[in-house]
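Asker:
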Amino acid sequence: MFQRVAEGKSTSPLARLEGSSKVSREQFVEVLKAIDSGLRALPATAQVARQEGLYLAKTLSRHRISGDARTGDVEAMKSAEEPFKYSHKGSAAYVGQDNAVFDVPKLGPFYGTSAGVVWKSFEAYSQFSLRNQLLVVTDFLRTKIFGRDISRV
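Shown next, in the form of structure tokens:
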């Protein structure tokens, strides 16, 4: 993604952090901004796929399509349609030991144990049914109380 320059130095935004064991909030925000400015394509994430799928469904539902798809003879009554526009709603990653990292637009990065609680809450809330939500919460609690290896319980 990022190229190396002739002197052997990396042009990666992460090169700014080389040699340091800790990263300040300002450094983290600076690196994220540098990475974002270098992006040329949409990220390969479920967030993008969902938005593209909704856009496609909306677009196809507004058009009347006729013809034979097997022969490739397909006609569509076209209407003026706005091009797809991706709206980044943020990124989240669980990094272990009850910690998580969020990159939320307009709020910036959010990380630590409190972010881990938010991540676990979102993970439970995102389940399809109340049964699955309860199973996920129960699993989180069981893991917190007994640890990951429950063969001794």
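For the sequence shown, counting from 1, position 96 maps to 96 in my numbering; every step adds exactly one. Virtual Cβ for every residue (Gly too), placed ideally from N, Cα, C.
1. Can you have a look at Ala100 and say buried or exposed, based on whether 16 or more other CB atoms are within 10 angstroms of its CB?
2. For Ala49, count neighbouring Cβ atoms within 10 angstroms of its own Cβ and tell me buried if that reaches 16, exposed if not.
3. Give the straight-line distance between the Cα atoms of Arg40 and Asp149, rounded to the nearest whole angstrom.
4. Report the CB separation of Val137 from Ala124 in whole angstroms; it is logged as a contact under 8 Å.
5. Find the nearest neighbour of Lys85 within the set Thr143, Tyr94, Thr113 and Leu54, judged by alpha-carbon distance.
6. Just tell me which of Arg62, Gly90 and Lys33 has its CA closest to the CA of Ala46.
7. In angstroms with no decimal places, state the Cα-to-Cα distance between Ile35 and Ala44.
8. Pull up the distance between the alpha-carbon of Tyr94 and that of Ser129, whole angstroms please.
9. Consider the Cβ of Ala15: report whether some Cβ of chain C lies at a distance smaller than 8 Å.
10. With distances taken between CB atoms, is the gap from Phe122 to Tyr111 smaller than 8 Å?
11. Alpha carbon to alpha carbon, how far is Thr113 from Lys120? Give it in angstroms, no decimals.
12. Expressed to the nearest angstrom, what Euclidean distance is found between the alpha-carbon atoms of Val117 and Glu18?
13. Mind checking who Tyr200 pairs with in its DSSP beta bridge?
14. Using only alpha-carbon positions, find the residue among Leu32, Gln51, Ser126 and Lys144 that is nearest to Gly96.
15. For Leu135 and Ser151, what's the separation of their Cα atoms in angstroms?
16. Closest by CA to Ser87, which one among Ser37, Glu52 and Leu60?
Answerer: Short version:
1. By the Cβ neighbour-count rule, Ala100 is buried, with 16 or more other Cβ atoms within 10 Å of its own.
2. It counts as exposed.
3. 43 Å
4. 5 Å
5. Leu54
6. For Ala46, the closest alpha carbon among the candidates Arg62, Gly90 and Lys33 is that of Gly90.
7. 15 Å
8. Answer to the nearest angstrom: the Cα atoms are 22 Å apart.
9. Of the protein chains in the structure, only one exists, and it is not chain C.
10. no
11. 11 Å
12. 30 Å
13. This structure leaves residue 200 out entirely; the chain is present only between 1 and 153.
14. Lys144
15. 19 Å
16. Glu52
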